[in-house]
Structures are given as C-alpha cells and as structure tokens.
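For reference, each letter of the sequence shown is one residue, going 1 to 881 in UniProt numbering.
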Amino acid sequence: MESPSKRRKKNDTKPTPITHRSLDFFFRKQGPSNEVNGTFKGTGALEKSDNIDDDQSPSEQTLTDEELARKLQEEWAREDGQGNDEITNSEERPDPTHAQEIEHNMEENKKDFVTAALDRSDPISQAIPIENKKSVLGLQSTASDEDKITLTVPFDQSPLTFDPSQYVSELKSHWAADGGDASYALLTRCFYLVNSTQSRIKIVDTLVNCLRLIIEADPKSLLPAVWLATNSIAPPYISLELGLGGSAISKALKKVCGLDSAGLKTLYDKHGDAGDVAFEAKKKQSFTLRKPKPLTINGAYQTLVKIANSKGHGSVEQKQRLVERLLQDARGPEESRYIVRTLVQHLRIGAVKTTMLIALARAFRLSRPEGADFTIMDASELAKLKKEDLAVVWSKAEEVVKTCFARRPNYNDLVPGLLEVGVSDELLLRCGLALHIPLRPMLGSITRDLSEMLTKLQGRDFSCEYKYDGQRAQVHCDEAGKVSIFSRHLEVMTDKYPDLVALVPEIRGDGVSSFILEGEVVAVDRNTGELKTFQTLTNRAKKDVDLSSIQIDVCLFAFDLMFLNGEPLLDRPFRERRGLLRSMFVEKEHHFTWVRSIDATSADSDVVLEFFKSATDIKCEGIMVKVLDNLPNPDLIGEEPDQAEKDDTPGPAPVTPSKKGKKSSKKSQVDKEQEKEKGSRRKALLSTYEPDKRLDSWLKVKKDYATSADTIDLIPVAGWHGQGRKAKWWSPILLACRNPQTGSLEVVTKCISGFTDKFYQANKEKYAEGGDNVLGAKPSYIEYSAYEPDVWFEPQEVWEMAFADITLSPTYTAAIGLVNEDRGLSMRFPRFLKLREDKSVEEASTSEFLANLYRKQEARIQATGGASNNRGGDEDEDFDE
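The following block contains the structure:
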C-alpha cells in the first residue's frame, strides 16, 4: 500500500453543520450525455436536479447526500407514475459524511463514479430498489450483497460424510440468474474455512469437498478454481505475471470503498495485510450506486489473465480499471479480502502445490462430472475402512496425480485429464514427458558429513560427483533443433544463455534427434577453464542477452539424461542414463563436458575423502553422491517415502520421546527405533530418476555441512537499531521459518553474528526506514508477540544460518505442537553464513524441518549418553551486544 504524500486532517466523529450541495454540483461537469456507470444518463435528471437546486428551502439545503438521494428518487418515481408504495424507505441514519470529503472524492472520480463514500457505523438492512430506467439514480445497500446460499455449505466436513449432490441443484438454480457459472463466493467460502484452521487434515478435507462440489455442479470452473486456489494463473515456464504494484490496489480501494489516503494508511497500519484492509474497507461501505455483478470463478480468473496480458501503451490504465472492476463486483467483505490477496499474490490459505495435488486425487476418487464414466469409490464403503487401509487407498491415488504433475507441471494438462479419465493409468500416459515442457527436477537429501553418507549407502555402488557452484539447467532439444533451457524453478532461461543454445548442434552426437538433459551452468575462464563463483554468474544479464555482448563465459557440466530420441529414460538406472549421456554427446573444452566423478563403495572411504577435498579445493560446494544401480533382490524393493512436501527434510526424523514418564518413554523409544531399523532395511534406494522427490538415492555433502553442524534457511523479517558502533545499522535481526500449512512466517531467533560491516551497511540501505522494503506495521502473517522491533522488513530474502543447538522457547512459537504442546523452538548462538540467492521465500526452511533438526539433535545426545543442552529457555539470554 502506498503511503500518503501528505497527511490530511482526519474527520471528526461528529458531523459539522454546514450546507450540503445538491447532486447537480457533483455532476455539473459531466455534460448532458455523460453516463455514470449506467445509472445516470441524459438531461432529464440534470434538469430535475437544477430545478430542485433553485427551489431549495433552508431545511432541504441541510439534507445529507443519502437523504437527498432518497428524496430525489421518490419524486422521480412519482413523476414516472410508480408511486410512493414502490419505494422502500429506510430509517434515516444519524452519521453523515462531510460534504467536503464527498466533494473531494466525487471530483476525483467523476468519470467513473461507482460508490457513495458514506461511512456508517451500522449496516443498512433494507435496500432501495433500482428501477430499470436510465434516468433513475438509486442507492443499493451492500449489506445484502453477500451470497447467503453458499455460506451454508459445510466444506469442513469429512469427505466421507459430505454429499455434494445435496447442494448441486440449489446452487445451479442460484447461479442460473448470473449466467450459470459457479460463483466466486463458493471459493471464498472454502478459503475462509481453510484460513480458519491450522489442521492440515482439515485443510485437505475442505479443499476436497470444494473441488468435489465444483466437479459435480460446474466442471468447467474447476481449472480456474485450481489456479486461483494455488495463487497463480499459469505455470512458471509461461511468462504470465500480473505486474501490479501496490499503488494500483491502493487507488482501487480508495475509489471503490470511498477511502482517502489517510484512512487507507490507518487501516493498513492497524492490520498490516492488504486483504484485511480490503475486508475492513468493504465492511464500512454502506451504499453503492452500482449494483455489483456477481463474480464467478471463471470470470475472476479471466480478469486476472487480462491484467497479465495488458502490455504496451495504456496498459497501466487498463489494469487499473480491471482491478477496480474486480473490487466493485466483490460481494461482501470476504470476497474483497481474497480478491485483494490474490492480486498481491499472497493468498495465505496453505494450499501449496502438494496439498492441492492431494486434494485433487481424493476428490476424483469420490466424484466425477456428469457424463463421465471412469470409476469412483463409494464414500460409505471407504468410511468402513481402518485408518491405515484408508491411507493406502488415498496414497495410491495421490502418487498417480503427483507423478503426472511432476512430469508435466501444468494444471492446464492435469485437470482436463482428470475430468475425462479420472485417476487412472491413462492419466499417466496423457501427462508424460514432453519436449519444451520442463519436468520438476529430482532433489538430493542433506547429510552432515561423509561418515553419515557412507553409513546410508553401505553395501551399495555409488557415484561421487563434483557439486559445482552454478545454476542448475534443464536443456530440451527437439528434432527440428529448437532449444529450450529451464531453471531449477522451471523458469525459461533460453534468452539468458544464447551461447548454450548455439552450442547444442555441436555437442549433439550423430544418433541424437531429441533429448532432455540436465547439468550445471558455471561461470568459467574460457582460456584456462578455471571455475568462477556463483556471484560472478549472477552478474550476467538475465534476458535478451546478445551473443556479441557476452562478457561472462559459461560452461555446461552435464550430469543426467532423462529423455532421448523420443523415449523417456526416467525408469532406467543411473549408470545406464550416465552411459548414454557420455556416449551420445560430444565434449567441447570449457564449453560442454560432464561433471567430474568417481565410482566407489562404502569401503572406499579414503578415496571418497580425497575426492571431496579436491572438489572443495577448486571452489565447488562439495559433492553429490548417487546410487548407480537398483538392487536385484525383489524382497528389498519397496516404495520410497514421499518427501516432496518436505523438501528441506534431512532424512527420517527420530521419534519424539513420550511424555508418559522416563521408564515408559525409554521403552517406547527403543521399540520405535527397532521398528524403524527393520523398516529401513527393506527400503530400496532406487537409482531411477524421480522428479520432484528428495530421496536418499541422491545425497549431497557440502563443505559447510562437513565443517559445522546442520544449517537452516530463514527469512529476515524485522530489525532493531544497534547499539555502540552498530547504532547506525540493524542489529539484531529477527528471522523466521515458513509454516506451509497456514501460510504464515513463524519467528525463530534473533541474530547478531556472522555479519561484516559491509553487509550491515548494505542491509541498512536495503531496508531503509520509509523505503519500499519496509512495512508500516507487523503483517498479520508473521507470528511474533515478544519485544516489538524498530522496523518490519518486507519478506523477500533467504539467509543460510548456522547455530549451536536448538532449544525449547517460551517466547517463540515456531514448530509449536510438533515437539512440545506449549513451547516453540528457537536457536542458541545463531550465525549468518550467506544469502541464498538461489532460493525464494517460498523455499525457506519449514517449521517441520526445524522440528526434525531438534529431533536429530536429541537423538544424537541420547545415543552418546550426553546431557541435553536444552535448558528450555529463550535464546535471547545469549545476546550481549
């Protein structure tokens, strides 16, 4: 939200007894043929207004705008032969808005006047009907705008008891009056219920029920509903962004809700969330001169697409009009809240990618659109199953949907397929690999050191590869020679690396027609081949790079091949994929080559250690370790645990000790550890390529992990003025982790260690008071209630942090309920390591990751027989500035 350039004098609470002008004053400059939103057109109304102005008595001159509008409408209705009985008179309201403010707002918005800036302390219960005549100006009560029918749908029930068919016919007849499409109110109802709980089970159940109702009542609205619920309008590899600034939304809120800049800033300072500001502003709006056209799910999505597609001359004004139209058509405060949150790209309902995929899988196992013939399951039969058996049923469906989306990450492909064939093997065929559509990359699990890695891969053949300090790239090439390059986050980088595009014909072997390979793009010295840092690579332009102007040379170090000559290779062992990569492609010195690697077993610890040292000596981050072959023993083949939802989880977490006393706790811990060991022996470490999964088949050992304890990626959210020589900087700095279920940021710790003076200076300049990167008040999505910081940062960076140990904290609520019902987790002696430029805020560590680190720490202490450092206190005692 933009801050006002000049603070205006705030309105008094009591009305000032001054003369109000007639409506003609506000519309005098409109001209005889101008139209005000379809409700005020022609000369008749103006002439009537002029006559009234000339003949006004002293008592009439003191009428409020609301009273005057009612009087005018009553007289016009009589003249049209409609009579007084057709006008519903409401009780007069005692708190009129000042004429000066009305004049200011009406003059400002005279070309597109939409709302009456009438701020009342109580809602209006009766509406004045607008007659279908162009010469009649009517006031509409906003209190009756909300969709009351949708408010009764119990989306938060269990999907096994929720029956969409009970609501389909009533909702269809309700939507028929507005074109037949599902209303946005249905989605708002779902968002509200999801936002009202922190239970992941409830969140999934609510989404499942909402999706089922849309599937059965209006399947064509399902795709836009999924896009809106995931707070996006297109996959990342399609450049389609809203491109809205805070000023566009601020202007729209002021115009639609009749606010001035001071009033808007007051609301924002109080609530700190743009959606909450819209909620409060809409709640205070009592009347509108234009009856809202009810928003539909499809209409809201299409408007967002129009905003994103607005380019060139006049696009700013066009976007502004579209934003205003969305807010005008939002019925009630809740719709306004979520429309604005959608516009600012922070929906905060916890419907992350994996949650949505789970909800889709379950919804299509229970419901299907009218006319579809794929098989679904009976909810009543599922309700009879045991919890473990039901989990198996769900997991099979979820794995199919997740696999499809990992290989083709676009809801435009997934949702239509689900509507036609449901969760089936045919869906896997429809959503297979495709050239120029990036698949989600496979990820590696974190290990603390080489000894832990060797223990995990004991008895297996593996490959150790240099982990280069560059940018991961996925290169696609079709038979016609068209090349596409995608980042780890599936963003298009083809224009960033035209030199790699030009290189493809030279590296493609004679038998290669099409391929998808993966590698690391690293900045190099073209003459010597010396590797340069990632920071050097970031200085390269990000788009529209001209071959003749390239100053930072790069080399592509290839490490995997997922598609070759029209055939997917994902199910082939890594040894076979690597062999094809090295035999079918041609090296070009300092331009294209393979990652340096050695093959080893857990018995070759000295060789692996020497290789690790050689990697760090040439400025690599460490090494990647990958299983080469699948085990031949079928008894050992099992399903890997799906850790896609926990991308930061460093392997299986030790079990939290029981609270039922030391004796029972110890016994329970031993039993559970034995069960875990038994289960782990049966897990197969598959050497196949598993898109969008983080498995122990790939392990990464970084030099930071080898020289220190675990690290965590946190988001800086606030700071205090330093003391002593640090008085001109922010110190300490408050850091938070993500809660992906609630969409909130949970504060973990303060940090004063690891910063250089140069970093302090740059940080203070970035988060300067009154600048664009600081907030006026604590945002509602940040969970923190201790000592108020001097400034709140706009969350936009990720910092890698080291620490001594993790403690239970009475101050911070991060991960509360995951290891302790009453206390959250914090860190002692946190230390800044580096800025993670390769990570966005959405990829910062989660509260579950923090809880897992705590469990690992406690398990190590118990295993060594040591005493816990966990004093259960606040880490603040460790600060001494």
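Cβ coordinates follow ideal geometry from the N, Cα and C atoms, glycine included.
9 Å or more divides the Cβ of Gly579 from the Cβ of Lys702. If you draw a straight line from the Cα of Tyr760 to the Cα of Trp792, it comes to about 16 Å.
Look at the beta carbons and you see the segment 224–238 not touching the segment 365–381: under three pairs across the two are nearer than 8 Å. Contact between Thr150 and Ala176 fails: their C-beta atoms lie close to 15 Å from each other, not under 8 Å. Here Ser451 is exposed: its Cβ has fewer than 16 other Cβ atoms, across all protein chains shown, within 10 Å.
In this structure Leu360 does not touch Val323 by the C-beta definition: roughly 29 Å separates them, more than the 8 Å allowed. Three or more Cβ pairs closer than 8 Å define a contact, and the segment 508–522 meets that threshold against the segment 465–475. Lys613 is classed as exposed because its beta carbon has fewer than 16 other beta carbons within 10 Å across all chains shown. Gly246 is a Cβ neighbour of Val344, given a cutoff of 9 Å. At the C-beta level, Ala851 and Tyr784 stay beyond 9 Å of one another.
Close CB contacts of Glu794 within its chain, under the 7 Å cut and outside five residues either way in sequence, are with Asn773, Val774, Leu775 (chain order).
The Cβ-Cβ distance between Phe574 and Asp629 falls below 9 Å. Under the three-state reduction of DSSP, Trp729 is assigned to coil, being neither helix nor strand. Exposure of Gln796 is indicated by the presence of fewer than 16 other C-beta atoms within 10 angstroms of its C-beta. Judged by DSSP secondary structure, Glu587 falls outside any alpha helix (DSSP H); it is assigned neither H nor E. If you draw a straight line from the Cα of Asp525 to the Cα of Arg596, it is about 17 Å long.
Annotation for Pro294: no beta strand (DSSP E) segment contains it, and DSSP assigns it neither H nor E. If the five residues before and after Val841 are omitted, its C-beta is found closer than 7 Å to the C-beta atoms of Ile715, Pro795, Gln796, Val798, all from its own chain and listed in chain order. In the three-state DSSP reduction, Thr811 falls in the coil class, being neither helix nor strand.
Shown here for Leu418: same chain residues with a beta carbon closer than 8 Å to its own, the five before and five after excluded, namely Leu360, Phe364, Val401, Leu427 in chain order.
Counted as a single uninterrupted DSSP element, the stretch harbouring Glu690 is not any beta strand (DSSP E), since DSSP gives it neither H nor E. Checking the DSSP bridge columns, you'll see Val627 partnered with Phe462.
Residue pairing of Asn773 in beta bridges, as defined by DSSP: absent, with no partner found. For Arg189, the enclosing alpha helix (DSSP H) has its first and last residue at 184–195. For Glu848, the closest C-alpha among the options Arg200, Gly180, Pro159, Phe155 is that of Arg200. Residue burial annotation: Gln741 is buried, with at least 16 other C-beta atoms found within 10 angstroms of its C-beta. In this structure, DSSP gives His476 an extended state, which the three-state scheme calls strand. The continuous alpha helix (DSSP H) containing Cys210 extends over residues 200–217. Taking a 10 Å sphere around the C-beta of Ile349, we find 16 or more other C-beta atoms and assign the residue as buried.
Assigned with DSSP and collapsed to three states, Asp163 falls in coil, not helix or strand.
In terms of Cβ geometry, Ala278 and Leu223 do not form a close pair [threshold 9 Å]. Look at the beta carbons and you see the segment 543–555 not touching the segment 474–486: under three pairs across the two are nearer than 8 Å. Runs of the beta strand (DSSP E) spanning 3 or more residues and lying entirely within the segment 779–827 occur at 791–793, 799–802, 805–809, in chain order. Taking all protein chains in view, the Cβ of Gly422 is crowded by 16 or more other Cβ atoms within 10 Å, so the residue is classified as buried. Of the other Cβ atoms in all chains shown, fewer than 16 fall within 10 Å of the Cβ of Ala768; this residue is therefore exposed. Residue environment for Asp163: exposed (fewer than 16 other C-beta atoms within 10 angstroms of its C-beta).
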